[in-house]
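Student: In UniProt numbering, the protein residues as written are 1 to 400. Dumping the structure here so I can ask a few things about it.
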């Protein structure tokens, strides 16, 4: 049954609004009248049956809460449409409730949970939808929902830790840039006038500072606008499949970011594949579903080749090794699992190993950000101070 947004008044004239679940608009009006409310307006929260939901992005915090509750209810053998209704009754926020009720409506109308999630890509990403699709096809939805809940809780925890760790460096960089721009645009011109009036010969560092100050005053706003336009244009170009594929291929080969990019995608792929294989999904189907969760399009295409090779009878470890985009340790652990007939367990250990390696790498990078910002900003401020003090020292020497 679809969800409807209503506005109504009670016998005392007090207005109210909310959401209700009903078969059609007439049923919604009848339901309101049984509650003693006079309906003023009733609108469906989606345009038509089977159509896409109104654009709405559920926050990560609420996604974590909803997924954990659905996993618990699915593990208790509650039907997914009933589980969604229970969660919708408990969650706050009309747009989030509307999203959940529309999911339930699509399932009641005969669509699968994965098909219903396709109507809300803004709230449930491709990894989420592919995992649910594979879990439903294997009859292991409760296990997959449990994995999704754990995954999203870890992602939310990691994001919060990363944000907290970067707050101080970001604030430091912002304040430092503000101070530098203020010095170059407000302080330096006044000092230059003093030096010019004295007829002093300025050092090369000070002349360079004056040139930078003049350039910022004349072209700073234009340069900032061009930079913003270039970023927007670049993001628009990356939406083109061919350009995005070429960009992702470059990322897997770039000297500085290559290791991090490969670890991020390998951890995502291995974790999903391990869950699906342990849930009883056939290997070829699990590979196809796990490939859709990989952010890098180039690596996704390489995994598609692995899927085809496995369908043709090749071993998983040799097929993955041929891609040349996965770490040797991961390939060795997969080969060991294939040889011992315990591929699911080996994939789980490999996934945990990749996740631990990725976490250590991210922690190291975050730990280096703060001193790097301090060194860079401190060096710039030191140059500014030196460029101002050197002419002053020269004037004192002349006066002496």
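Cβ coordinates follow ideal geometry from the N, Cα and C atoms, glycine included. Quantities reported herein were computed from a predicted structural model and do not represent experimental measurements.
(1) May I ask you to report which of helix, strand or coil DSSP gives residue 17?
(2) What separation, rounded to the nearest whole angstrom, lies between the Cα atoms of residue 9 and residue 101?
(3) Can you have a look at residue 67 and say buried or exposed, based on whether 16 or more other CB atoms are within 10 angstroms of its CB?
(4) Might you give, ordered along the chain, the residues of its own chain that have their beta carbon closer than 6 Å to the beta carbon of residue 135, omitting 5 neighbours on each side?
(5) Taking just the CA atoms, how far does residue 147 sit from residue 85?
(6) At a cut-off of 7 Å, is residue 361 close to the ligand FAD when judged by its beta-carbon and the heavy atoms of the ligand?
(7) Pull up the DSSP beta-bridge partners for residue 4, would you.
(8) Unbroken alpha helix (DSSP H) runs of length 4 or more, entirely within the UniProt domain "Type II secretion system protein GspF" (269-391): which are they?
(9) Taking 8 Å as the cut-off, decide whether the C-beta atoms of residue 355 and residue 217 are in contact.
(10) Quick check on DSSP: helix, strand or coil for residue 9?
(11) On the premise that residue 70 lies in contact with residue 83, defined as a C-beta separation below 8 Å, what is that separation, rounded to the nearest angstrom?
(12) Residue 276 and residue 284: beta carbons closer than 8 Å?
(13) What's the gap between the Cα of residue 5 and the Cα of residue 65?
(14) How far does the alpha helix (DSSP H) with residue 154 in it reach, from first residue to last?
(15) Looking at residue 300: is its Cβ nearer than 8 Å to the Cβ of residue 306?
(16) Which two residues bound the contiguous alpha helix (DSSP H) that contains residue 408?
(17) Looking at C-alpha atoms only, which residue of 127, 368, 296 and 187 is the closest neighbour of residue 404?
(18) Could you compute how far the alpha carbon of residue 334 sits from the alpha carbon of residue 174?
(19) Is the number of C-beta pairs between the stretch 339-358 and the stretch 315-331 that are closer than 8 Å three or more?
(20) Which value, in whole angstroms, describes the spacing of the CA atoms of residue 35 and residue 231?
(21) Out of curiosity, what's the CA-to-CA distance linking residue 204 and residue 189?
(22) Determine which residues share a DSSP beta bridge with residue 39 and list them.
(23) Any idea if residue 407 is buried or exposed, counting beta-carbon neighbours within 10 angstroms, 16 or more meaning buried?
(24) Let's test the definition: count the other Cβ atoms within 10 Å of the Cβ of residue 40 and tell me whether it reaches 16, buried, or not, exposed.
(25) Is residue 247 near residue 238, with beta carbons less than 8 Å apart?
(26) Hey, would you say residue 260 sits closer than 8 Å to residue 323, going by beta carbons?
(27) Can you tell me where the alpha helix (DSSP H) holding residue 113 begins and where it ends?
(28) How is residue 216 classed by DSSP in three states: helix, strand or coil?
(29) Going by DSSP in three states, residue 241 sits in which element: helix, strand or coil?
(30) Let's test the definition: count the other Cβ atoms within 10 Å of the Cβ of residue 125 and tell me whether it reaches 16, buried, or not, exposed.
(31) Enumerate in chain order the residues of its own chain whose CB-to-CB distance from residue 32 is below 7 Å, with the five nearest sequence positions on each side excluded.
(32) Which whole-angstrom value is the C-beta distance of residue 184 and residue 213, which I expect to be below 8 Å?
(33) Counting only the same chain and skipping the five closest in sequence on each side, list residues whose C-beta sits under 7 Å from that of residue 249.
(34) Please state whether DSSP places residue 393 in a helix, a strand or coil.
(35) If I measure Cβ to Cβ from residue 89 and keep anything under 7 Å in the same chain, skipping five residues before and after, which residues do I get?
Tutor: According to the structure shown:
(1) Here residue 17 sits in strand by DSSP.
(2) Rounded to whole angstroms, residue 9 to residue 101 spans 23 Å at the Cα level.
(3) That one is buried.
(4) Around residue 135: 141 and 144.
(5) Their backbone Cα atoms lie some 21 Å apart in a straight line.
(6) Although the ligand FAD was asked about, the structure shown includes no ligands whatsoever.
(7) Beta-bridge pairing links residue 4 to 20 and 44.
(8) Considered as a whole, the UniProt domain "Type II secretion system protein GspF" (269-391) harbours 283-291, 297-311, 316-323 and 328-340 as its complete alpha helix (DSSP H) runs of no fewer than 4 residues, in chain order.
(9) Contact: no.
(10) Looking at residue 9 - three-state DSSP - the assignment turns out to be strand.
(11) Correct: roughly 5 Å between the Cβ atoms.
(12) Cβ distance not < 8 Å, so residue 276 and residue 284 don't count as in contact.
(13) Between the C-alpha atoms of residue 5 and residue 65 there is a straight-line separation of about 23 Å.
(14) Going by DSSP, residue 154 is part of the alpha helix (DSSP H) stretching over 141-182.
(15) Cβ atoms of residue 300 and residue 306: not closer than 8 Å.
(16) Given that the chain is displayed from residue 1 to residue 400, the structure contains no residue 408 and the question cannot be resolved.
(17) No answer is possible for residue 404: the residues shown for the chain start at 1 and end at 400.
(18) One C-alpha to the other measures close to 46 Å.
(19) Output reads yes: the stretch 315-331 touches the stretch 339-358.
(20) Approximately 54 Å between the Cα atoms of the pair.
(21) In this structure, the alpha-carbon of residue 204 lies about 16 Å from that of residue 189.
(22) The beta-bridge partner set that DSSP reports for residue 39 consists of 8.
(23) Only positions 1 to 400 of the chain appear in the structure, and residue 407 is not among them; the question remains open.
(24) With fewer than 16 other Cβ atoms from the protein chains shown falling within 10 Å of its own Cβ, residue 40 counts as exposed.
(25) Yes, these two residues count as a Cβ contact at 8 Å.
(26) At least 8 Å separates the beta-carbon of residue 260 from that of residue 323.
(27) First-last of the alpha helix (DSSP H) with residue 113: 113-117.
(28) In this structure, residue 216 counts as helix in the three-state DSSP scheme.
(29) Collapsing the DSSP output to three states places residue 241 in a helix.
(30) Taking a 10 Å sphere around the C-beta of residue 125, we find fewer than 16 other C-beta atoms and assign the residue as exposed.
(31) Closer than 7 Å at Cβ, skipping near neighbours: 6, 8 and 39.
(32) Contact flag correct, Cβ pair sits at about 4 Å.
(33) Only 298 meet the Cβ criterion.
(34) Looking at residue 393 - three-state DSSP - the assignment turns out to be helix.
(35) Result list for residue 89: empty, nothing under 7 Å.
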